[in-house]
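One structure is given here, and the rest of the page talks about it.
In mature numbering (1 follows the signal peptide of the UniProt record, and there is no 0), the protein residues as written are -18 to -1, 1 to 277.
Have a look at this one:
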């Protein structure tokens, strides 16, 4: 199911290109929780995701809740998985710890992490710990349950974007390793990138490689001509029957000869059907012996 959700994220590339103000949302847990209602719709508002998340976590299934905020991201940043290998591994459930996961490829607006943390604190009687990602100190594991908040810096819009996202993924991996022996739920929230961010052409149009490299040579004659034609050419004047000759002289002569032959055939059949011979002509009195008797 997680692999299908990641495939769904890849298939929503045109949708992501149309909604530049969207960003993904990820949830995974070491507990078995009902997440089917959370990721049933690939495009949701931030308030809707917040409400659905509260319903999913209403039973307080985990001891630790990790809330990650990653501003300035888009669905295109997570499609290939090269920049976030650890997060991709968790979403695909390649580890035995993860039992539930959900992915919402496009979220309109942002999910209020502070409101979610306060709700978890009141609902589950959890302690809230804010972590500075620049000076990471392992949080205390004495008090349970707890809510751990971590906000990453805004992703740059230049060529260092993928590298920064990869370093944040490594930080997340180290943070999760701290609670390896405890039940936890990870909520990975994001916000859309700024208006100045322009997705690279590689993300918008991934290269497609044919399975058979020789197919392009073998089927070159089957390809259609999709090159652009000159649109400045003028159409010939006159009607359709003036520009094209539908009946050539040969076709016209063939039709006349066919009509004449059919007429001759009709006359011949009519003449044969008009012949009348009486039955008396075939009697014995009209044979050779009867003719001698008459003499």
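Beta carbons: idealized from backbone N, C-alpha and C, even for Gly.
Which residues mark the beginning and the end of the beta strand (DSSP E) in which residue i is found?
i           : result
residue 172 : 166 to 172
residue 11  : 4 to 11
residue 112 : 109 to 113
residue 25  : 25 to 27
Which residue wins for smallest C-alpha separation from residue i, given the options the options?
i           : options               : result
residue 49  : 98, 83 and 86         : 98
residue 150 : 93, 245, 178 and 53   : 53
residue 74  : 10, 145, 172 and 254  : 10
residue 125 : 4, 110 and 141        : 110
residue 40  : 16, 27, 60 and 87     : 16
residue 38  : 56, 24, 13 and 57     : 13
residue 27  : 78, 89, 19 and 76     : 89
residue 140 : 55, 78, 68 and 100    : 55
residue 86  : 76, 57, 42 and 135    : 57
residue 20  : 77, 239, 235 and 169  : 169
residue 5   : 172, 251 and 231      : 172
residue 107 : 148, 128 and 117      : 128
residue 156 : 242, 132 and 178      : 132
residue 93  : 117, 70, 76 and 29    : 29
residue 65  : 148, 159 and 165      : 148
residue 3   : 255, 251, 181 and 238 : 181
residue 167 : 36, 23 and 22         : 36
Give me the Cα-Cα distance between residue i and residue j, rounded to the nearest whole angstrom.
i           : j           : result
residue 112 : residue 51  : 12 angstroms
residue 102 : residue 63  : 30 angstroms
residue 82  : residue 61  : 20 angstroms
residue 295 : residue 95  : A query on residue 295 cannot be resolved here, the shown segment of the chain reaching from -18 to 277 and no further.
residue 31  : residue 154 : 22 angstroms
residue 253 : residue 233 : 31 angstroms
residue 7   : residue 45  : 21 angstroms
residue 247 : residue 236 : 16 angstroms
residue 18  : residue 137 : 30 angstroms
residue 42  : residue 105 : 8 angstroms
residue 78  : residue 72  : 9 angstroms
residue 115 : residue 144 : 18 angstroms
residue 179 : residue 25  : 21 angstroms
residue 278 : residue 240 : Because the chain spans -18 through 277 in this model, residue 278 falls outside it and cannot be assessed.
residue 158 : residue 142 : 25 angstroms
residue 177 : residue 165 : 39 angstroms
residue 68  : residue 152 : 7 angstroms
residue 34  : residue 91  : 15 angstroms
residue 22  : residue 70  : 19 angstroms
residue 255 : residue 238 : 26 angstroms
residue 100 : residue 76  : 31 angstroms
How would you label residue i, buried or exposed, when you count the other beta carbons within 10 angstroms and need 16 or more for buried?
i           : result
residue 257 : exposed
residue 80  : buried
residue 47  : buried
residue 244 : exposed
residue 59  : buried
residue 175 : buried
residue 161 : buried
residue 84  : buried
residue 193 : Here residue 193 scores only 43 on pLDDT, less than 50, and its place in the model should not be relied on; the value that follows carries that caveat. When all chains shown are included, residue 193 counts as exposed.
residue 211 : The predicted position of residue 211 is uncertain, since its pLDDT is 48 and thus under 50; no value can be drawn from it.
residue 130 : buried
residue 134 : buried
residue 231 : exposed
residue 203 : Below a pLDDT of 50, predicted positions are generally treated as unreliable, and residue 203, at 42, falls in that range; the measurement from the model is reported next regardless. Exposed, by the Cβ-count rule.
residue 242 : exposed
Got a sec, what are the start and stop residues for the alpha helix (DSSP H) residue i sits in?
i           : result
residue 129 : Careful: residue 129 lies outside any alpha helix (DSSP H), inside the beta strand (DSSP E) at 128 to 133.
residue 246 : 231 to 256
residue 150 : 143 to 160
Runs of beta strand (DSSP E) wholly within the region 42 to 99 (minimum 3 residues, chain order): 46 to 52 and 82 to 90
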